[in-house]
Amino acid sequence: MAAETTDLSDRALSIFTFAAYHHLISGQPISSVVRRDGSGHQADPEGAAEVETRGLATLSEDEITFTEPGVAFVEKVVAAIRGASAH
1 MAAETTDLSD RALSIFTFAA YHHLISGQPI SSVVRRDGSG HQADPEGAAE
51 VETRGLATLS EDEITFTEPG VAFVEKVVAA IRGASAH
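So the sequence shown is numbered by UniProt numbering: it starts at 1 and just counts up by one.
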């Protein structure tokens, strides 16, 4: 199945927003984010399932690893944030 980013839910977008945050802080492309940190914080389960179903990431117990289209979408989110601050 091809990756699909059209009409992602807010729960799925929260996963990409978290990745964009890490990209902006580190200045590095992000290929994965923590799914569960062992301290009670976790990615939204419905959002994580949606990004996996859409072909944008694979899930493990503790990590969300973006596929190539998922990494590209993180970059689009970062670009959109930067563009929004230019106005």
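Heads up, the beta-carbon is just placed ideally off N, CA and C, and yes, glycines get one too.
Just so it is clear, the structure is predicted and the values come from calculations on it, not from any experiment.
- As the crow flies, the alpha-carbon of PHE16 is around 6 angstroms from that of VAL74.
- Closest in C-alpha terms to ALA79, from the list ALA19, ALA3, ALA48 and THR6, comes ALA19.
- In this structure, ARG11 keeps its C-beta atom at 8 angstroms or more from the C-beta atom of GLY40.
- C-alpha of PRO69 to C-alpha of ASP44: approximately 20 angstroms in a straight line.
- CA-CA distance, THR65 to TYR21, rounds to 16 angstroms.
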